[in-house]
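These notes concern the structure reproduced below.
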Ligand SMILES: Nc1ncnc2c1ncn2[C@@H]1O[C@H](COP(=O)(O)OP(=O)(O)OP(=O)(O)O)[C@@H](O)[C@H]1O
Ligand SMILES: [Mg+2]
């Protein structure tokens with residue numbers, strides 16, 4: 118992201134999208150390239166939420182609000198330095214909590230072919246999110262709408278190529 122116009126000097130980015138789309142992989146790399154701190158929304162879940170997801174139960178919105186506000190606080194505390202946080206942020210209402218928590222929050226929606234994402238997830242072993250939740254996530258996803266600040270990047274291809282696309286989109 119550049120410093121021209123109303124672009125913030127210190128980017129605050131929420132990497133959003135369904136489970137397995139690559140939020141952690143791409144988010145970490147983008148944060149490193151932007152030289153800002155990285156956080157994963159998973160780290161903000163209370164244990165009760167993690168237990169639910171481990172059992173294959175989707176979270177309710179009541180489960181989500183405290184989690185989203187905690188992520189929002191993290192963003193708010195980084196307005197002076199910038200930061201990248203990975204968070205599924207599937208629904209507009211969830212994103213409004215995040216966008217309302219700090220000035221200049223930008224969404225990076227990672228999007229891709231569901232079959233490719235399922236394959237990538239099936240290969241991932243070190244994670245609590247079962248692949249059965251992907252379909253419900255795809256159903257829940259509300260794409261970025263008018264009035265939301267963000268970009269959409271397709272995740273076909275290598276992580277390195279995706280990161281380059283993200284950075285060049287940010288600097289436009
Ligand atoms: N561009 C890519 N090409 C190939 N494999 C990838 C790519 N991006 C991510 N992966 C792999 O796909 C799996 C899912 O990626 P990742 O964990 O980053 O997704 P996520 O969106 O953070 O998922 P979650 O929402 O469950 O945290 C991982 O095993 C990761 O190594
Ligand atoms: Mg992740």
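Numbering (this note's numbering), first residue to last: 118 to 289.
All C-beta atoms in this analysis are idealised placements derived from N, C-alpha and C, irrespective of residue type, glycine included.
Here the structure is a predicted model, which means the values were calculated and not measured.
_Give me the residue from 276, 142, 265, 138 with the minimum Cα distance to residue 210._
Of the candidates 276, 142, 265, 138, the one whose C-alpha sits nearest the C-alpha of residue 210 is 265.
*Below 6 Å CB to CB, which residues in the same chain sit around residue 260 once its five sequence neighbours on both sides are set aside?*
Here the set comprises nothing.
*Using a Cβ-Cβ cut-off of 8 Å (strictly less than) and excluding sequence neighbours within five positions of residue 249, which residues of its own chain qualify?*
Within the same chain, and ignoring the five residues on either side of residue 249 in sequence, the residues whose Cβ sits closer than 8 Å to its Cβ are 173.
*Counting pairs of beta carbons, one from the stretch 154-172 and one from the stretch 196-216, are three or more of them closer than 8 Å?*
Contact between the stretch 154-172 and the stretch 196-216 is present, because at least three Cβ pairs lie under 8 Å.
_Alpha-carbon to alpha-carbon, residue 232 and residue 200_ = When the Cα atoms are used, residue 200 and residue 232 turn out to be separated by approximately 31 Å.
*Report the residue ranges of all alpha helix (DSSP H) runs contained in full by the stretch 206-245; include only those spanning at least 4 residues, in chain order.*
Fully enclosed alpha helix (DSSP H) runs of 4 or longer: 209-216, 231-240.
*asked:* Can you tell me whether residue 167 is buried or exposed? The criterion is at least 16 other CB atoms within 10 Å of its CB, across all chains shown.
replied: Counting the other Cβ atoms within 10 Å of the Cβ of residue 167 gives fewer than 16, which makes it exposed.
*What alpha helix (DSSP H) runs, 4 residues minimum, are completely inside the stretch 156-205?*
Positions of the alpha helix (DSSP H) runs, each at least 4 residues long and wholly inside the stretch 156-205, are given as 164-171, 178-193 in order along the chain.
*How would you label residue 222, buried or exposed, when you count the other beta carbons within 10 angstroms and need 16 or more for buried?*
Classification for residue 222: buried.
*Between residue 121 and the rest of its own chain, which residues show a CB-CB distance below 6 Å, the 5 nearest in sequence each way excluded?*
Bear in mind that the predicted position of residue 121 carries a pLDDT of just 47, short of 50, making it too unreliable to give a figure here.
_Using 8 Å for Cβ pairs, my map puts residue 227 next to residue 272. What's the rounded Cβ distance?_
Between residue 227 and residue 272, the beta carbon gap of about 5 Å places them in contact (Cβ cut-off 8 Å).
*asked:* Taking its Cβ as the centre, do 16 or more other Cβ atoms sit within 10 Å of residue 136, making it buried, or is it exposed?
replied: Under this definition residue 136 is a buried residue.
*asked:* Assuming residue 218 and residue 176 are in contact, meaning their beta carbons sit under 8 Å apart, how far apart are those beta carbons, in whole angstroms?
replied: Not quite, the Cβ-Cβ distance comes to about 19 Å (not below 8 Å), so this is no contact.
*If you count every other CB in all the chains shown that lies within 10 Å of the CB of residue 146, and 16 or more means buried, which is it?*
So residue 146 ends up on the buried side.
*With burial defined as no fewer than 16 other Cβ atoms inside 10 Å of the residue's Cβ, what is the status of residue 254: buried or exposed?*
The residue is buried, with at least 16 neighbouring Cβ atoms inside 10 Å.
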